[in-house]
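Engineer: Under my numbering, the sequence shown has 276 at position 275, and the numbering climbs by one with no breaks.
Beta carbons are placed, not taken as given, at the ideal position from N, Cα and C, and that holds for glycine.
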Amino acid sequence: MNSSSFRMPARRLATVAALAAGPVALTGVSPAHATGDHGRASAVVLRTGLDVSLLNKSVNVPLAVSLNDVQAPRSAEKATLTATLDAVDGGRPFSVLRAEAAEAGATATATKAEGTTTLAHARLHVPGLPLLSLIEVEQVTSRATCEVGKKPVATTSLPGSVTVLGKRVTLTAGGPTDVEVPGVGDVRLDLSSTRTTGRTAAATALELKVSVNPSKLNVAEVDGTVTLAEATCRTPRPEVAAQPPAEPSAPPADVEPQGEPAGTDLAETGGSSATPYLVGAAVALLAAGGGAVILARRRG
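The structure is reproduced here in structure tokens:
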């Protein structure tokens, strides 16, 4: 026989299997610890993105103003009632917005994020039109709420009408409202925009697309957008507690292989059908060898 491998007893086989499995069981990794996300919220009463061309378009000034712009996770509230801009009215401060109430709030906790805005009795002006309001509103509000386990919600409220470039305009939910004033300009109002996804919400009470070109007022053109009462939020992700490490598996009990008598410890020859015959021949040779030794001793 050329093979040098031997079948291991059943008890020894079970022990080796347990030792081989030991390192895997001892190095079990617990689920990752997910850090909590308190979500996000924001609110702003007024945001402008206007380009102002002064002195027959010889000077271009960006009119970028934000009023009561707040953001969370750190809860915040602001209630400033006026917004001014320098360097567009001969060096004097220019009043962009005046309101009796202008509030913005943003909060974020482990279970809820929310942004809210309120704007009441407000007048918005642009350079070149110091006496004529771009828009006057009685009261607009917006709210975005994102709470764990609930669908995000975005809501707004609007008055029945507003005043745009001196004209009283009735607000409807049928789509954008266009206002044209000859010799002054035109404004398009997008009303009550709300958007939600699985984790976010956003609400805008009013968005104005402005194109103003007053004649003989030292202002060539004012173009851009104005946003009133905007709120957004994103739902928090709750914390997931870390799981304790897995206990190491106990070694399996002694197992006796089925279909084979216990204690069998025979030579392995390759597992062919001739194995029993080869083993029998080996036993016969050993027996014959032992008989030859006894016979030689008697002759001696």
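Do A155 and T119 have their C-beta atoms within less than 9 Å of each other?
Structural biologist: In this structure, T119 does not lie closer than 9 Å to A155 by Cβ.
Engineer: To the nearest angstrom, how far is it from the Cα of S143 to the Cα of T171?
Structural biologist: Roughly 19 Å between the two C-alpha positions.
Engineer: If we count the other Cβ atoms within 10 Å of its Cβ and call it buried at 16 or more, is G308 buried or exposed?
Structural biologist: The shown model of the chain, from 2 to 301, leaves out residue 308, and the question about it has no answer.
Engineer: I need the boundaries of the beta strand (DSSP E) containing H122, first residue and last residue.
Structural biologist: It spans K113 to L125 - the beta strand (DSSP E) in which H122 sits, taken as one unbroken run.
Engineer: Throw me the rounded Cβ distance for the K113 and V71 pair, which I believe falls under 8 Å.
Structural biologist: Rounded, the Cβ-Cβ distance is 16 Å, inconsistent with contact.
Engineer: What does a CB cutoff of less than 6 Å around D179 pick up in its chain, not counting 5 residues either side in sequence?
Structural biologist: Same-chain partners within the cutoff: R189.
Engineer: Anyone know if the C-beta pair for A123 and E101 falls short of 9 Å?
Structural biologist: Their beta carbons are under 9 Å apart, which means A123 touches E101 by this criterion.
Engineer: Please check the pair T146 and A202, which I expect to be a contact at CB under 8 Å, by giving their CB distance rounded to whole angstroms.
Structural biologist: Between A202 and T146 the Cβ distance is about 7 Å, and since that is below 8 Å, they are a contact.
Engineer: Can you say whether S193 is buried or exposed, counting buried as having 16 or more other CB atoms within 10 angstroms of its CB?
Structural biologist: Buried, by the Cβ-count rule.
Engineer: Among A232, P239 and G176, whose alpha-carbon lies nearest the alpha-carbon of L68?
Structural biologist: Comparing Cα positions, the closest option is A232.
Engineer: Tell me, please, which residues DSSP counts as bridged to N61.
Structural biologist: In the DSSP output, where bridge partners are listed per residue, N61 has S54.
Engineer: Cutting at 8 Å between CB atoms, please list the residues of its own chain near P215, excluding the five before and the five after it.
Structural biologist: Same-chain partners within the cutoff: G129, L130, G184, V185 and G186.
Engineer: Using a Cβ-Cβ cutoff of less than 8 Å, which residues in the same chain neighbour T226 once the five nearest sequence positions on both sides are dropped?
Structural biologist: Only T49, G50, L51, E208, L209, K210 and V211 meet the Cβ criterion.
Engineer: Using only CA atoms, which one of H126, G161, T173 and D38 lies nearest to L167?
Structural biologist: Residue identity check: residue 167 is Gly in the sequence provided, not Leu. That would be H126, whose Cα lies nearest to the Cα of G167.
Engineer: Under three-state DSSP, which class holds A80?
Structural biologist: A80 falls in the coil class under three-state DSSP.
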